[in-house]
Amino acid sequence: MRWLKKGCRCLLAPFFVLLAYLAAALVLGLIPSHTPIPTPTAAADYPVYLVSNGVHINLVLPLYNDIADWRDRLPESEPGDWVYIGWGSRAFYTQVPTWGDLTVPLAAKALLWDDSVLFVRGGAAPLPGSGQVRKIRLNAAQYRQLNADIRRQFAAATPLPDYPHFYAARGAYQPLQTCNEWVRRRLQPLGVTVPLWSPFDRPLLWHLPREYQS
4 MRWLKKGCRC LLAPFFVLLA YLAAALVLGL IPSHTPIPTP TAAADYPVYL VSNGVHINLV
64 LPLYNDIADW RDRLPESEPG DWVYIGWGSR AFYTQVPTWG DLTVPLAAKA LLWDDSVLFV
124 RGGAAPLPGS GQVRKIRLNA AQYRQLNADI RRQFAAATPL PDYPHFYAAR GAYQPLQTCN
184 EWVRRRLQPL GVTVPLWSPF DRPLLWHLPR EYQS
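Position in the sequence shown (first residue = 1) + 3 = my numbering.
In structure tokens form, the structure reads like this:
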């Protein structure tokens, strides 16, 4: 009977680990975190969007302006006046173009530990008002800091072979550092109110005031 009890514990252990992970994500996702910064004196003239597909959030920035220019990270013929940038699992990003391509080994690799990549694509401005879109406005210092931070996340200046929209990135994708947590870490130093931890997309959207959607 002792071996049976041990076997049951081994079988139940992953369930309890998952339950604890989800509980931590919910509790820490509800707690706001705000990095104090000096009261800005400059106008918040630089818009940045957060766009979720229901699972993953991309940061969306102007393609170029007086502070930053992202055209060097895009193919020359790329359309649009905005750039969509996201961070995530290399296996998932490059080998799962549709949900039908997802396999158990790929899911395990993407969820547990994987090399990371940055996704960079041009496009049109997101439509505000959607429940999955938020808009924030930064002053020049905040916007410069955000762009410099994102630039530091690139591990290479050229895209992956055969993947013109993906670049090797710094850091490993793992349960504590997901694509949405990566976005949270980009925003927190700017003084934007974010959750204490956000492996999922929803907590990030919860903490952005409605006026950011206009």
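Positions of the beta carbon are idealized from the N, C-alpha and C atoms, including for glycine.
Whether G83 touches G126 by CB criterion (8 Å): Stepping through the sequence shown from its first residue, residue 83 is reached at position 80. Stepping through the sequence shown from its first residue, residue 126 is reached at position 123. The answer is yes: Cβ separation under 8 Å.
Touching by the beta-carbon criterion (3+ pairs, under 8 Å), the stretch 135-149 and the stretch 163-172: no
Backbone CA spacing between L190 and N183 [nearest angstrom]: For the purposes of this step, residue 190 is identified with residue 187 of the sequence shown, where counting begins at 1. For the purposes of this step, residue 183 is identified with residue 180 of the sequence shown, where counting begins at 1. So the alpha carbons of these two residues sit roughly 11 Å apart.
Rounded C-alpha distance that separates A23 from W85: One-based indexing of the sequence shown puts residue 23 at position 20. One-based indexing of the sequence shown puts residue 85 at position 82. Each residue's alpha carbon lies about 38 Å from the other.
T97 and V120 closer than 8 Å at C-beta: Walking along the sequence shown from the start, residue 97 turns up at place 94. Walking along the sequence shown from the start, residue 120 turns up at place 117. It is a contact, given that the beta carbons lie within the stated cut-off.
Which of helix, strand or coil DSSP assigns to S201: For the purposes of this step, residue 201 is taken as the residue at position 198 of the sequence shown. DSSP places S201 in coil when its eight states are reduced to three.
Range of the contiguous alpha helix (DSSP H) that encloses Y146: On the sequence shown, position 143 is the one that residue 146 refers to. Here the alpha helix (DSSP H) through Y146 covers 143-155.
Nearest candidate by alpha-carbon position, reference Q135, set V58, L21, A27: For the purposes of this step, residue 135 is taken as residue 132 along the sequence shown, with counting starting at 1. When only C-alpha atoms are compared, the closest one is V58.
Exposure of G174, with buried meaning 16 or more beta-carbon neighbours within 10 Å: In the sequence shown, the residue the question calls residue 174 occupies position 171. Exposed.
Nonlocal neighbours in the same chain, by C-beta distance under 8 Å from V51, ignoring five residues either side: Here residue 51 is taken as the residue at index 48 of the sequence shown, counted from 1. Excluding sequence neighbours, V51 sits near L62, V63, L64, K138, I139, R140, L141, Y146, L149.
Three CB pairs or more closer than 8 Å across the stretch 195-211 and the stretch 34-42: yes
Cutoff 8 Å; reference W116; Cβ partners in own chain excluding five residues on either side: Residue 116 sits at position 113 when you count from the first residue of the sequence shown. Around W116: A175, Y176, Q177.
P50, DSSP secondary structure in three states: Locating residue 50 in the sequence shown gives position 47, where the first residue counts as 1. Strand at P50.
Contact under 8 Å by Cβ, L143 with Y49: As a position in the sequence shown, residue 143 is number 140, starting the count at 1. As a position in the sequence shown, residue 49 is number 46, starting the count at 1. Inspection of the sequence shows that residue 143 is occupied by Ala rather than by Leu. Yes.
G194 - DSSP class collapsed to helix/strand/coil: The residue given as residue 194 occupies position 191 in the sequence shown. Coil, per DSSP.
Contact set for L211: own chain, Cβ-Cβ below 6 Å, skip 5 residues either direction: For the purposes of this step, residue 211 is taken as the residue at position 208 of the sequence shown. Around L211: R137.
Neighbourhood of R76 by C-beta distance below 6 Å, restricted to the same chain and skipping five residues each side: As a working mapping, residue 76 is identified with position 73 in the sequence shown. The answer, listed in chain order, is V123.
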